[in-house]
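*Asks:* From first to last, the protein sequence lines are chains A, B and C. What the first sequence shows, in this note's numbering, is residues 5 to 251, in sequence order. What the second sequence shows, in this note's numbering, is residues 257 to 1203, in sequence order. What the third sequence shows, in this note's numbering, is residues 2 to 312, in sequence order. We put the beta carbon where it would ideally sit given N, CA and C, even for glycine. Just so it is clear, the structure is predicted and the values come from calculations on it, not from any experiment. Supplied in structure tokens, the structure appears directly below.
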Amino acid sequence: MTCLPAAKPGQKKLGLVIDLDTCVGCQACATNCKEWNASGHSAPLPDFNAYSAGAEGVWFNRVHSYEAGDGGAGKTVHFPRSCLHCDNAACVTVCPTGASYKRAEDGIVLVDADKCIGCQLCAWACAYGAREFDEDEGVMKKCTLCVDRIYNENIPEAQRKPACVVTCPTGARHFGDLGDPESDVSKLVAARDGYALMPELDYQPVNRYLPPRKHVVPEQGKPVEDAPTPMDIKSGLLRWMDKVLTR
Amino acid sequence: MPGAEPRVEYSPSLGDEVKTTTCYMCACRCGIKVHLKDGKVRYIEGNPDHPVNKGVLCGKGSAGIMTQYAPARLRAPLLRVGERGAGEFKEITWAEALDIATGWLSKVRAEDPRKLAFFTGRDQSQSLTGFWAAQFGTPNFAAHGGFCSVNMAAGGLYTIGGSFWEFGEPDWDLAKYLLMFGVAEDHDSNPIKTGIGKLKARGAKFVSVNPVRTGYSAVADEWVGIRPGTDGLFALSLAHELLRTEQVDVAFLARYTNAPWLVVRNPGGADDGLFARDAEGRPLAWDRARGAIAAATADLSAVLAGDYVLEDGRKVVPVFQLMAERYMAPEYAPEAVAATCGIPAARIRRIAAEIADVAFNQAITLNQPWVDVYGRQHETMVGRPVAFHAMRGISAHSNGFHSCRALHVVQMLLGAVDTPGSWRYKSPFPRPIPPGPPPAGKGARPNTPLVGNLLSFPQGPDDLLVNDDGSPIRIDKAFSWEAPLGLHGMMHTVIANAGADDPYPIDTLFMFMANMAWNSAMNPGEVIRILTEKRANGEYRIPHVIYSDAYFSETVPYADLILPDTTFLERWDAISILDRPIGSSHGPGDSIRQPVVEPDRDVRAFQTVLIELGARLGLPAFTKEDGTPRFKDYPDYLTNHQRSPGVGPLAGFRGVDGDKKGVGEPNPDQLQRYIENGCFWQHKLPPEQSYFKHANAAYLKDSKAMGLIPNENQVVMQIWSEPLQKFRLAAQGHGPKQPPEHLRARVEKYCDPLPIWYTPLEQQMHDTTPFPLSAITQRPMHMYHSWGSMNAWLRQITGSNKLYLARERGEAQGLADEDWVWVTSRNGKLKCQVKLMEGVNPDTVWTWNAIGKRAGAWMLTPDSPEATKGFLLNHVISEWLPAQEGFRSANADPVTGQAAWYDLRVSVEKCAADEVPISEPQWATLTPPDNMPPAPDMLRYTVGVKP
Amino acid sequence: MKPAGSIVFFTVASGAGYGLLFWLGLLGATGQVAGSAGFTLVALVLALLLVTAGLCSSLLHLGHAERAWRALSQWRSSWLSREGVAAIITYVPAVLGGVCLLTGAAQAAQVLGLLAAVCALATVYCTSMIYASLKPIKEWAHPLVPAGYVVLALFSGACLLAVLLALAGQDATVPALQALVFGGLAAALKWQYWRSIDTARPIATLESATGLGRIGTTRPLDPPHTQSNYLMREMGFRVARKHAVSLRTLTLWAGLAGPAVLAALALALGGALAALLRVLAALLAVGGLLVERWLMFAEATHTVTLYYRGT
């Protein structure tokens, strides 16, 4: 079970494409994920010290913000972080019980809570911090890619996407089959130079991030004071005298 | 041991019921679908059919479950039994509560209704609350718009007949260039996000002018880190460049603005600066062939510059010339403004050139015929695809009114108002300029309603709410010479004025959803002092305080009578066409809230309580002729109240058959029809009405028919504002109503009929040398005012705040991340932690607003980071401008009275190493009322799936 | 990484137990220890007690200890599963060997002892590979980690055996020599390991973790949540550099070099004093190992902290 499914050509790889050029850091994906999954496949997602100091809970999606580059020439980037459903998922192979598994049919990495012994080794093995330990229940939980939404026949077809994708107000999150080069998400990744996080670990994440587009680097130099453009207001106005408009 | 994959439940049910309603976690008012299981909320999602959010939902809305079930919810009516602030209450019944309130209020109404100050915070039912106040007979009503938005509203409504704020939007589908100035995230929240997503997907250019590079500014293609309070100067410098390079849309100006209107030049005269008008009162323009004729002549050939003399000898000049004279002056040249704005001149030039290039060289032509108000058919719609949007960063400064007008002037120069690709009006705008009758409030008498709207639109000195000596009629001094266009009232001055009996003492302060003892006040410490202050006779200075809120906020302990409100999922409401409806550029719309969850507490929706109080007090509109209540409850009011014949709170499904829009007799099934339609109504404009609405004959006709506007006349945009000139003339000594001496110079200077820029008042009036940094706040996208900290999910995301400052500046002061610092202003000091960052104007510090909480409030334990590390910048803001001789003026915009809480200047110094790492000031811990059960330590919220 | 007490105790105790088991089996089979069957039996029981106590302690780390049996299922991919399997298999020759000793089947006992020695070593190796296979933790995914675990197990086992022999009044020369050799080896290995992790390039950077290096130097602005969380408490633990240095010194001198020197001294002196020195050496070794194992965690850094702290 915790052996990864054998790679097949054309293997379906469901995943997310997150557009860092568009994400404004509104946290909608984080809280919508939380509310869906609070009663979802891995329910509940507990919150400790909910109304006091040390409040923390289980979240499958957390939104960081970073600054890249210096001063005005840099960029502020909002960075949602969740399970990347890696092809080479060490969190799965380290699992001693088979509770963690990568689904052969769509590549989603899931935890079978009934088998999990709570050894937390998968959290150590995940480079990206995607594993969330339910310290109350003693089992590991994680992003399910909303496996209970994306195939859910009680949900209108257009909404059969992960909660974070459906709710994203800026449309910065895309969901689809990254194993299919002809899918919309794959084309988006190709067009926008999408990349994988921490490639040096060779975990082969399925999720991709689209980089911020090149932005304008503003003119350098300190603002100058008291050097108005020489201009004759009168003659400037005179030019307008001739402008007569017929409606 | 390989085995089969475990079975996954692919299609779990989402609950046993789904109900639509409208979110109330900010002012955006998105449509939501609430999935319920056994009456408990399983999931809240955006309603895909809803015109506002089209299925998306933000971080706040998606956390609605935790707002619904927060332990901070008040549980039953409370009566204060200890001293104010001590938090000692006893639970009483609703009958008792209503008796007490009726007793206090009926006495005030019988003696002097002005002594009721009724202020309603983040109220979304102002068409009811304002109406109730007028029925009561007090002029002293407002919501928190004076804090929030009035500079944008007044600046826009007096200039283009619409406004940024939430009454206009960029043409997200066609704009090629968006210039955005400091937007408040909670207005039009999701539409802006969705729009930015569209814009970016199309590759349009997005420039954000904002001292801080976060949120929307983070995804801008270009970030202009301007110094706070200088946006107006930047805008006027853009105007200078456009005029200098002759890149202005002369045709647009001539057709749609008052640029060709003739202004009388008679220095010292009573008509100086007023429009020259014909015998019928119509403004004149100078036709090249025919001389002075009515500007509204179809075949006018107007001149835009030159000095002319009318037949009666008056000297006149077109508005355009006055404008060009002013803005082509060297003081607005990029080089002259660069240092003040913190933007290099070359950059201002480039941006001006870019917007001109997009407007004029990349114009959009839609093959869409339309007919203008002169009956002329146009085969195409030509658009200038440069869109502007602006809100808080302009609004919260004491020069915000003029800065807002300056932005509109640039839009008009570009011809970029309601054209394809530009900024667009949202229904019900455009409206006439100014949009309505003057404010009511004069002649308050015992037991007598005031006729008209309390918050409305003065056109000149005669419309101000002042006594014969020029003193204010209203407790907040809105519509007085201190704030002649105080359209939204001045909530920030009410308690301070009442505390000084200025202009008169009040008896009862009645508040709804206004956290005035904390983040909703400019200076909470002063509010707390006044609310607990007693006169010599032992009576409180404000004898009665009634407060309605759903949660245990910092203000609850300072009230005498608490009327616990429902949550947003437990109530009826109207996002009313009479108030701030959900219309868009695509057409009018309004919406309702319906209760989707039964309250588990003894609480009532404030609006229902207000209607019952109205009946108990015998307010005519809330009582039948026989003295019995006119309305059973709020839904009954929403259905059957008529403000004028056929016009009620809701515009949709009117008439007995529910087939009338806007105007029609009440429909008993109206609310049911709304519910069936997803709790909203919208009318989609046909394509020929989509643009040029200010001059679009079909649009104006239909809008008039729906009761959205009073007439079908063209809305001519006002570069030169005559109402302002009238105030100025009064200050110059003309007319029967003149400002008092101490305000004469101020009115003359700031009621300039053309946009001006000046250093924010507070900064003019004290030595800013010891306070080198501008200090501003912004709201995190996932928090709305104080509504977030009682939410167990949202408070995890932001449970404390730091002061952000430029890395270079911080490091020069020896500061590192997390260091504790003292922040000092002329008004006081506070202690907090710093965070250094790159993307902030080097002369600016900022923090997240309303994250700091008073210990014990909102049912958070006193050790919560909100209280120990969080802080409110409000503690160093003053509600007063620096002292003037014998007179104190609100720290506000001199035209609109908008609270100028972005004008703050501070210094930052590192704390000594031995200081306790706790934020300052610290206040005594609040104790929740006895009837509130303790908050749980751990939450395992789940519905349905696992027991 | 946060040092989990249960895991620190587990690896130290079971390491020593397996080390003891290894030496018992090896030296017993090669006849280099002249202990009686009774002595061997007592030592064997002690070794198994240590191993069992360690394994039990490791269960404390689990959220669901009652499901621990499931951990034996995934030996094909999981080093933790392999460790569990190896640990259980080790009991078989060890216990059977004990039975043979009891029944006097000396030859069988020798064979089973050798088998147990191999299994013990394999188990320790599996344990070490749990850590060494975790790529996000550069201090663990290091070639000297398995060697360190094995050498330290052999060192502590030798110390224990020497003590036991000394207490039984028997010749402890061979294990004492082993302790000396493996103590020195362990010291050299740890020294080299520390030098190596101090100078090793980070496995990833915030720039690669976010992909934002293409823009420039990347710094965290706001965290996703203003308070801590499981990940940061578990992976974000950091020991101050100066504490780490003193703890390393303590491990090196008091935990490894000290026992080795004491072992040498005991050899030279002999007699009752030697026994005392050996007890002291074993105590020092165990203490040193606890410190070493605590440091193993405390000095380990996880890539997830890049997202939160940038380092």
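1. Quick one: grab the DSSP three-state call for Leu721/B.
2. So with CB distances below 8 Å, who are the chain C contacts of Gln1052/B?
3. Assuming Glu1122/B contacts Ser1056/B under a Cβ cut-off of 8 Å, what Cβ separation, rounded to an integer in Å, is found between them?
4. Tell me, please, which residues DSSP counts as bridged to Tyr1060/B.
5. Starting from the beta carbon of Leu222/C, find every residue of chain B whose beta carbon is closer than 7 Å, and list them in chain order.
6. Ignoring anything shorter than 4 residues, give me the alpha helix (DSSP H) runs that lie fully in the region 656–705 of chain B, in order along the chain.
7. Could you check the C-alpha separation between Pro234/A and Ala770/B for me, to the nearest Å?
8. How would you list, in chain order, the residues of chain A whose beta-carbon sits under 7 Å from the beta-carbon of Ser7/C?
9. Taking a cut of 7 Å between CB atoms, which residues from the region 1053–1073 of chain B lie near chain A?
10. Excluding the five sequence neighbours on either side, which residues of its own chain have a C-beta within less than 7 Å of the C-beta of Leu168/C, listed in chain order?
11. Would you call the region 139–151 of chain C and the region 60–72 of chain C in contact, with 3 or more CB pairs under 8 Å?
12. Using a Cβ cut-off of 7 Å (strictly closer), state whether Phe83/A contacts chain C.
13. Grab the span of the alpha helix (DSSP H) containing Met436/B for me, first residue to last.
14. Go ahead and pull the three-state DSSP assignment for Ser840/B.
15. Any chance you could list the beta strand (DSSP E) runs of at least 3 consecutive residues sitting entirely within the region 761–816 of chain B, in chain order?
16. Helix, strand or coil, according to DSSP, for Ile1107/B in the structure here?
17. Could you tell me whether any Cβ in chain A is nearer than 7 Å to the Cβ of Gly726/B?
18. Give a yes or no on whether 7 Å exceeds the smallest Cβ distance from Ala1191/B to chain A.
19. So what's Asn41/A in DSSP terms, helix, strand or just coil?
20. What first and last residue would you give for the alpha helix (DSSP H) that runs through His244/C?
21. Residues of chain A with a CB under 7 Å from the CB of Cys314/B: which are they?
22. Using a Cβ-Cβ cut-off of less than 9 Å, give me the residues of the region 591–602 of chain B that come near chain A, in sequence order.
23. Using the beta-carbon of each residue, which ones in chain B are nearer than 7 Å to Arg107/A?
24. I want to verify the contact list: residues of chain C whose CB lies under 8 Å from the CB of Pro1121/B, in sequence order.
25. Met202/A by DSSP, collapsed to three states: which one?
26. Counting only beta-carbon atoms, is Arg546/B nearer than 7 Å to chain A?
27. In angstroms, rounded to a whole number, what distance separates the CA positions of Lys940/B and Ser654/B?
28. Please look up how many angstroms separate the CB atoms of Trp1179/B and Ala1111/B, rounded, as I've assumed it's under 8 Å.
29. Indicate the three-state DSSP secondary structure (helix, strand or coil) for Ala61/A in the structure shown.
30. May I have the straight-line CA-CA distance separating Glu229/A from Pro586/B, to the nearest angstrom?
31. Can you say whether His244/C is buried or exposed, counting buried as having 16 or more other CB atoms within 10 angstroms of its CB?
32. Answer with yes or no whether the minimum CB distance from Leu63/C to chain A is below 7 Å.
33. Please compile the residues from chain A whose C-beta is within a distance smaller than 7 Å of the C-beta of Tyr308/C.
34. Check for me: the beta strand (DSSP E) holding Ser86/A runs from which residue to which?
35. Go to Phe508/B, then tell me how far its alpha helix (DSSP H) extends in each direction, as first and last residue.
36. At a CB-CB cut-off below 7 Å, which residues of chain A make contact with Lys449/B?
*Replies:* Concretely, from the data shown:
1. By 1-based counting over the second sequence, the position of residue 721/B is 465. Of the three classes helix, strand and coil, the one that applies to Leu721/B here is coil, per DSSP.
2. Along the second sequence, read from residue 1 onward, the residue named residue 1052/B stands at position 796. Under the 8 Å cutoff, chain C gives His226, Thr227, Gln228.
3. Position 866 of the second sequence, counted from the start, is the residue given in the question as residue 1122/B. Position 800 of the second sequence, counted from the start, is the residue given in the question as residue 1056/B. With 8 Å as the limit, Glu1122/B and Ser1056/B qualify as a contact, their Cβ atoms being about 6 Å apart.
4. In the second sequence, residue 1060/B corresponds to position 804, counting from 1. DSSP output for Tyr1060/B lists Lys1091/B, Trp1102/B as bridge partner(s).
5. Counting from one through the third sequence, the residue named residue 222/C turns up at place 221. Those within 7 Å of Leu222/C in chain B are Met1093.
6. 656–670
7. The count along the first sequence starts at 1 and reaches residue 234/A at position 230. The count along the second sequence starts at 1 and reaches residue 770/B at position 514. For Pro234/A, the predicted structure reports a pLDDT of 44, less than 50, and the residue's modelled location is therefore unreliable. A value from the coordinates is still provided. Distance between the alpha carbons of Pro234/A and Ala770/B: 52 Å.
8. Taking the first residue of the third sequence as 1, we reach residue 7/C at position 6. Chain A residues near Ser7/C: none, gap ~11 Å exceeds 7 Å.
9. Ile1053, Gly1055
10. Stepping through the third sequence from its first residue, residue 168/C is reached at position 167. Correct list, in chain order: Ala276.
11. no
12. Stepping through the first sequence from its first residue, residue 83/A is reached at position 79. Closer than 7 Å to some Cβ of chain C, the Cβ of Phe83/A qualifies, so yes.
13. Taking the first residue of the second sequence as 1, we reach residue 436/B at position 180. It is not in any alpha helix (DSSP H) - Met436/B instead sits in the beta strand (DSSP E) that spans 433–437.
14. The residue given as residue 840/B occupies position 584 in the second sequence. Note: Ser840/B maps to strand in three-state DSSP.
15. 764–768, 800–805
16. Reading the second sequence from its first residue, position 851 is the one you call residue 1107/B. Here Ile1107/B sits in coil by DSSP.
17. Along the second sequence, read from residue 1 onward, the residue named residue 726/B stands at position 470. No, because no Cβ of chain A sits closer than 7 Å to the Cβ of Gly726/B.
18. Here residue 1191/B refers to the residue found at position 935 when the second sequence is read from its first residue. Ala1191/B counts as touching chain A.
19. As a first step, residue 41/A is located in the first sequence; it is residue number 37 there, counting from the start. DSSP places Asn41/A in helix when its eight states are reduced to three.
20. Taking the first residue of the third sequence as 1, we reach residue 244/C at position 243. It spans 242–250 - the alpha helix (DSSP H) in which His244/C sits, taken as one unbroken run.
21. If you number the second sequence from 1, residue 314/B lands on position 58. Within chain A, the residues near Cys314/B are Cys30, Ala32, Pro173.
22. Glu591, Ala592, Val593, Ala594, Ala595, Thr596, Cys597, Gly598, Ile599, Pro600, Ala601, Ala602
23. Sequence index remark: in the first sequence, residue 107/A carries index 103 (1-based). Those are Glu261, listed as they occur along chain B.
24. As a first step, residue 1121/B must be located in the second sequence, where it is residue number 865. Ordered by position in chain C, the residues that pass the 8 Å Cβ test against Pro1121/B are Thr227, Gln228.
25. By 1-based counting over the first sequence, the position of residue 202/A is 198. Looking at Met202/A - three-state DSSP - the assignment turns out to be coil, as it is neither helix nor strand.
26. Here residue 546/B refers to the residue found at position 290 of the second sequence. It does not; no Cβ of chain A falls within 7 Å.
27. Looking up residue 940/B in the second sequence gives position 684. Looking up residue 654/B in the second sequence gives position 398. Going from the Cα of Lys940/B to the Cα of Ser654/B covers about 38 Å.
28. To locate residue 1179/B, count along the second sequence from 1; it is residue 923. To locate residue 1111/B, count along the second sequence from 1; it is residue 855. At roughly 7 Å, the Cβ-Cβ gap stays under 8 Å, so Trp1179/B and Ala1111/B are in contact.
29. Start at 1 with the first residue of the first sequence, and residue 61/A comes out as number 57. Note that residue 61/A corresponds to Gly in the displayed sequence, not to Ala. Reduced to three states, the DSSP call for Gly61/A is strand.
30. In the first sequence, the residue the question calls residue 229/A occupies position 225. In the second sequence, the residue the question calls residue 586/B occupies position 330. Caution applies to Glu229/A, whose pLDDT of 49 falls short of 50 and renders its modelled position unreliable; the value that the coordinates give is listed next. Near 12 Å, if we compare the C-alpha coordinates of Pro586/B and Glu229/A.
31. Against the third sequence, residue 244/C aligns to sequence position 243. His244/C comes out exposed.
32. Translated into positions along the third sequence, residue 63/C becomes position 62. Chain A contact via Cβ: present.
33. The residue you call residue 308/C lines up with position 307 of the third sequence. Near Tyr308/C (Cβ distances below 7 Å), the residues of chain A are His68, Arg85, Gly133.
34. Walking along the first sequence from the start, residue 86/A turns up at place 82. Taken as a continuous stretch (DSSP letters only), the beta strand (DSSP E) holding Ser86/A covers 79–86.
35. By 1-based counting over the second sequence, the position of residue 508/B is 252. Its alpha helix (DSSP H) spans residues 506–512.
36. Here the question's residue 449/B lines up with position 193 in the second sequence. Chain A residues near Lys449/B: Val28, Cys30, Pro173, Thr174.
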